[in-house]
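Be aware that the sequence shown starts at 240, since it is given in the UniProt record's numbering, and climbs by one per residue.
Everything below concerns the one structure shown next.
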Amino acid sequence: ARVAALSTTSGPGRTLDGHPVKLLLNVGAEGAGFEPVAAVDAEGVGLFRTEFLFLDAETAPGVEEQEAVYRRLFEGFAGRPVVVRTLDAGADKPLKFVAFDDEPNPALGVRGYRTATKFPELLGAQLTAIARAAAATGAQVQVMAPMVATAVEARRFVTAAHEHGIASAGVMIEVPAAALRARELLAVSDFVSIGTNDLSQYTFAADRMLGALGELLDPWQPALLQLVALVAHAGAETGKPVGICGEAAADPVLAQVFAGMGVTSLSMAPPAVAAVRAGLRTRTLAECRDAAERVLTATTPEQARAVLG
Ligand code: PEP
Ligand code: MG
């Protein structure tokens, strides 16, 4: 009777038998304000992309300016988690106010968390602004770093965040090296979140912007699914949350597979939430686990899709 009582059109993410998988939002530019996104029926923000504050700016945004923006978002999410991703710039997303060296392969250059090691004052100011805004609101604020490749980088970032008074800090898994060593990264982090867009790009050596490579970038590619499973299992072993915040999380069928792998949250563009919620509620956790095992035996994305098709 409890199962029948679960709504498929509103409320938290649950499998048919009530196993929780958090439904979170990907949020970008402030645009007309954060009210519309705060009103979406979701459990929080799984990825706040902060690049919009930096990329077109002539000078580095100050602590007060950043704090004001973060505060506006956090206020709408009082009582809910908000994961703020620190600046994901560099390479093909250069900053006007710091000098980058020319890089022959921008996607493999100083980008993401790597910019923080080159320009540590940028990360320091951002963490200060996030911590101040968090203290002034009731949101459960967490931070995560993009493009982390090793546990050493993860430990540096998490330590910096904790030193700024931010209690929960994690890293994105977007580089195959990080996925392969997920257990070590989890050991020094409070959580991880898988960025499947970049993880696909770097696993298949296929530029994510090239439509012509769409077949390789298919989120049902078994190699990608195997890496996600590896990270999810590491999360289960360490008892720490593993989220997904790339486009793959918005696929209502794949969401069932991810739930079966042990992923604890899915973060997506707001319009995708309703379908993912409905998709999760079509199967029990045992059925999701069975599907998660069987997709790994597939050789092609088509075979993987057929498991639940
Ligand atoms: C990703 O790479 O999957 C991700 C969520 O980050 P972005 O798309 O902003 O690079
Ligand atoms: Mg990314």
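All residues carry an ideal CB built from backbone N, CA and C; glycine is no exception.
Can you give the beta carbon distance from residue i to residue j, rounded, assuming they're within the 8 Å contact cut?
i	j	result
residue 546	residue 497	Residue 546 to residue 497, Cβ: 13 Å. No contact.
residue 492	residue 431	Actually they are not in contact, since the Cβ atoms of residue 492 and residue 431 sit about 23 Å apart, beyond 8 Å.
residue 309	residue 372	4 Å
residue 366	residue 387	That pair is no contact at about 15 Å.
residue 520	residue 253	6 Å
residue 473	residue 421	4 Å
residue 370	residue 404	5 Å
residue 397	residue 408	4 Å
residue 314	residue 376	5 Å
residue 477	residue 426	7 Å
Between the alpha carbons of residue i and residue j, how many angstroms are there, rounded?
i	j	result
residue 533	residue 256	20 Å
residue 247	residue 517	5 Å
residue 240	residue 345	Below a pLDDT of 50, predicted positions are generally treated as unreliable, and residue 240, at 43, falls in that range; the measurement from the model is reported next regardless. Whole-angstrom Cα-Cα distance: 55 Å.
residue 319	residue 343	42 Å
residue 410	residue 428	7 Å
residue 573	residue 297	Shown here, the chain extends from 240 to 548; a query on residue 573 therefore has no answer.
residue 353	residue 363	14 Å
residue 599	residue 271	Outside the shown range of the chain (240 to 548) lies residue 599, about which nothing can therefore be said.
residue 337	residue 307	23 Å
residue 295	residue 328	11 Å
residue 443	residue 479	27 Å
residue 263	residue 400	22 Å
residue 233	residue 316	Since the displayed the chain opens at 240 and closes at 548, residue 233 lies outside it and no answer follows.
residue 355	residue 384	9 Å
residue 360	residue 490	38 Å
residue 522	residue 464	19 Å
residue 542	residue 486	20 Å
residue 303	residue 448	34 Å
residue 305	residue 339	23 Å
residue 301	residue 291	14 Å
residue 454	residue 374	45 Å
residue 544	residue 495	12 Å
residue 540	residue 419	21 Å
residue 265	residue 341	31 Å
residue 524	residue 357	44 Å
residue 502	residue 293	31 Å
residue 279	residue 434	22 Å
residue 506	residue 499	16 Å
residue 446	residue 548	28 Å
residue 504	residue 380	16 Å
residue 268	residue 450	24 Å
residue 202	residue 261	Summary: the structure shown does not reach residue 202, with the chain confined to residues 240 through 548, and so no result is reported for it.
residue 273	residue 281	14 Å
residue 258	residue 368	36 Å
residue 402	residue 424	18 Å
residue 514	residue 347	35 Å
residue 349	residue 275	35 Å
residue 351	residue 481	20 Å
Between residue i and ligand 4, is there a pair consisting of the residue's CB and a ligand heavy atom that are separated by less than 6 Å?
i	result
residue 485	Ligand 4 is not among the ligands present in this structure, which contains only ligand 1 and ligand 2.
Could you tell me whether the Cβ of residue i comes closer than 7 Å to any Cβ of chain D?
i	result
residue 268	Among the protein chains of the structure shown there is no chain D, as only one such chain exists.
Exercise. Is the stretch 281-296 in contact with the stretch 316-325, if contact means three or more CB pairs nearer than 8 Å?
Worked result: Segments in contact, yes.
For this session: Kindly confirm or deny that the stretch 509-523 and the stretch 452-460 touch, where touching means at least three C-beta pairs closer than 8 Å.
Result: The stretch 509-523, when compared against the stretch 452-460, does not touch it at the 8 Å Cβ threshold.
Exercise. Around ligand 2, what residues have a beta-carbon under 6 Å from a heavy atom of it, in chain order?
Worked result: 385, 413, 434, 436, 437
Exercise. Within the chosen definition, does the stretch 271-286 reach the stretch 525-545 through at least 3 CB pairs nearer than 8 Å?
Worked result: no
Exercise. How do the stretch 326-335 and the stretch 390-407 stand: do at least 3 beta-carbon pairs fall below 8 Å, yes or no?
Worked result: no
Exercise. If you scan the stretch 390-426 from start to end, which runs of the beta strand (DSSP E) of 3 or more residues do you find wholly inside it?
Worked result: If we require 3 residues or more, the beta strand (DSSP E) runs fully inside the stretch 390-426 come out as 407-412.
Exercise. Between the stretch 412-420 and the stretch 437-454, do three or more beta carbon pairs fall short of 8 Å?
Worked result: yes
Exercise. Residue ranges of each alpha helix (DSSP H) run of no fewer than 4 residues wholly in the stretch 423-483, ordered along the chain?
Worked result: 435-443, 461-477
For this session: Let me know the beta strand (DSSP E) ranges lying completely inside the stretch 292-334, each 3 residues or longer, listed in chain order.
Result: 320-324
Problem set entry | Runs of alpha helix (DSSP H) wholly within the stretch 486-526 (minimum 4 residues, chain order) | 493-500, 512-519
For this session: Could you tell me which uninterrupted alpha helix (DSSP H) segments, each at least 4 residues in length, are contained entirely in the stretch 332-370, listed from first to last along the chain?
Result: 352-357
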